[in-house]
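Here's the structure we're looking at; comments come further down.
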Amino acid sequence: PVEILVTKGFSKPTKFQADSIFTIGKEELGEKITELSPDIMADVNTALQIELNLE
């Protein structure tokens, strides 16, 4: 799966989409919203590895 649903830490359910990676400038970042759990980060890492064809 290249999409990860995150339901905790945000005001509404949020999707991380590994197939929609783009860059932004540091000045475009706002305040920190939340911190993802180690389990969600592991899912994000797996999705990125799949999408970027990394081993």
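If you use this note's numbering, the sequence shown corresponds to residues 60 to 114, in order. We treat Cβ as the ideally placed atom computed from N, Cα and C, and that holds for glycine.
I'd like the span of the alpha helix (DSSP H) that includes residue i, first residue to last.
| i | result |
| --- | --- |
| Val103 | 97 to 110 |
Could you give the distance in angstroms between the alpha-carbon of residue i and the alpha-carbon of residue j?
| i | j | result |
| --- | --- | --- |
| Lys74 | Val65 | 6 Å |
| Ala77 | Ser70 | 21 Å |
| Ile99 | Glu87 | 24 Å |
Taking 7 Å as the limit between beta carbons, can you name the residues of its chain near residue i, skipping five residues before and five after?
| i | result |
| --- | --- |
| Lys85 | none |
Pull the bridge partners of residue i from the DSSP assignment, please.
| i | result |
| --- | --- |
| Glu62 | Gln76 |
In its own chain, which residues sit with a C-beta less than 8 Å from the C-beta of residue i, not counting the 5 before and 5 after it?
| i | result |
| --- | --- |
| Glu94 | Gly68 |
| Leu113 | Leu107 |
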